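**Q** Have a look at this one before I ask anything.
Chains as they are written, first to last, in this note's numbering: chain A, 270 to 361; chain B, 7 to 193.
Here's what the structure looks like:
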């Protein structure tokens, strides 16, 4: 009878150890949902920034309130956002 | 006489082929093949698998139609947040050279934050192949097929982001992939 309970004492700690090891570096495996560090834009070399570059425009959209982007670029900001059809289902 | 020789030769080929098949089966069942991801392929095996993969993807992706609006900011933003959630663990972020996955997976997932020499195909070809790989995955490599859970539009957004990723600085990457102000996209 003694030996019948022994596997449980071995298996349980082993299982807990295995589960804790699945994502031992959580930073890499979870979505942190952090806010964009828009202050970094101020430190970027503005002479090298091309306002027509989609990367730059995307950063502006992310960091500036929508109405501000609209007033700077006319309707460009609106067009950019409307340029992509919204996917019918969007969940991961 | 010639027909007798031909028959003997044919028998010989059949016997040798049979022995080769039997030896192959014997090896499979013997359990001697080193299956660990930390045991590297031989150069010949690696070449054969890599060529098989490249040729297969190239053929399968050749007729995919690439959207004309791939390079627009909205796609970069949507694709960026998806990349951070789904891909960055294996394919890295700017200024980071490895992760648990790149150290442990075999073959090692490509670092998509840098331009690879020898892959100078036109952008449209690269876009097609990225799309196909993301949608269908790659057998035996750790690359999953994202197609079943994602729309083609979502995958094209990822492709748009991937095409600009090697040019991004760490700050640009952080801004484009952060979840913060984009309320339309939550994982």
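Note that the Cβ used here is the ideal one computed from N, Cα and C, for glycine as well. Every value quoted in this text rests on a predicted model; they were computed, and no experiment measured them.
Counting pairs of beta carbons, one from the segment 68-76 of chain B and one from the segment 305-323 of chain A, are three or more of them closer than 8 Å?
**A** Touching, no, given that fewer than three Cβ pairs across the two stretches are closer than 8 Å.
**Q** What residues from chain A crowd round residue 44 of chain B, counting only those whose CB sits closer than 7 Å?
**A** Stepping through the second chain from its first residue, residue 44 of chain B is reached at position 38. The premise fails here: residue 44 of chain B is roughly 17 Å from chain A at the closest Cβ pair, so nothing lies under 7 Å.
**Q** At the level of alpha carbons, what is the spacing between residue 113 of chain B and residue 43 of chain B?
**A** Position 107 of the second chain, counted from the first residue, corresponds to residue 113 of chain B. Position 37 of the second chain, counted from the first residue, corresponds to residue 43 of chain B. Residue 113 of chain B and residue 43 of chain B: Cα-Cα distance of roughly 8 Å.
**Q** If we count Cβ pairs, one from each stretch, closer than 8 Å, do we get three or more for the segment 43-54 of chain B versus the segment 125-142 of chain B?
**A** Result no; under three Cβ-Cβ pairs closer than 8 Å.
**Q** Would you say residue 323 of chain A and residue 77 of chain B are within 8 Å of each other, going by their C-beta atoms?
**A** Locating residue 323 of chain A in the first chain gives position 54, where the first residue counts as 1. Locating residue 77 of chain B in the second chain gives position 71, where the first residue counts as 1. Against a cut-off of 8 Å, the Cβ pair of residue 77 of chain B and residue 323 of chain A comes out as a contact.
**Q** Looking only at its chain, what residues have a beta carbon closer than 8 Å to the beta carbon of residue 81 of chain B, apart from the 5 residues adjacent to it on each side?
**A** In the second chain, the residue the question calls residue 81 of chain B occupies position 75. Once the five neighbours on either side are set aside, the close Cβ partners of residue 81 of chain B are 75, 162, 163, 166, 167.
**Q** List, in order along the chain, the chain A residues whose C-beta lies closer than 9 Å to that of residue 169 of chain B?
**A** The sequence position of residue 169 of chain B within the second chain is 163, counting from 1. Residues of chain A passing the Cβ test: none, with the nearest at roughly 10 Å.
**Q** Nearest CA to the CA of residue 160 of chain B: which residue from B:141, B:150, B:184?
**A** The residue given as residue 160 of chain B occupies position 154 in the second chain. Per the Cα distances, B:141.
**Q** Which stretch, first to last residue, makes up the alpha helix (DSSP H) that contains residue 325 of chain A?
**A** To locate residue 325 of chain A, count along the first chain from 1; it is residue 56. Taken as a continuous stretch (DSSP letters only), the alpha helix (DSSP H) holding residue 325 of chain A covers 323-332.
**Q** How would you write the range of the alpha helix (DSSP H) that residue 57 of chain B sits in, first residue to last?
**A** Locating residue 57 of chain B in the second chain gives position 51, counting from the first residue. That run of the alpha helix (DSSP H) goes 49-67.
**Q** What would DSSP say about residue 149 of chain B, mapped onto helix, strand or coil?
**A** Translated into positions along the second chain, residue 149 of chain B becomes position 143. Of the three classes helix, strand and coil, the one that applies to residue 149 of chain B here is strand, per DSSP.
**Q** Just to confirm the assignment, what range does the alpha helix (DSSP H) spanning residue 171 of chain B have?
**A** Reading the second chain from its first residue, position 165 is the one you call residue 171 of chain B. Here residue 171 of chain B belongs to no alpha helix (DSSP H), and DSSP marks it neither H nor E.
**Q** Count the other C-beta atoms from every protein chain shown that fall within 10 angstroms of the C-beta of residue 179 of chain B, then say buried if there are 16 or more, exposed otherwise.
**A** Within the second chain, the letter at position 173 stands for residue 179 of chain B. Under this definition residue 179 of chain B is a buried residue.
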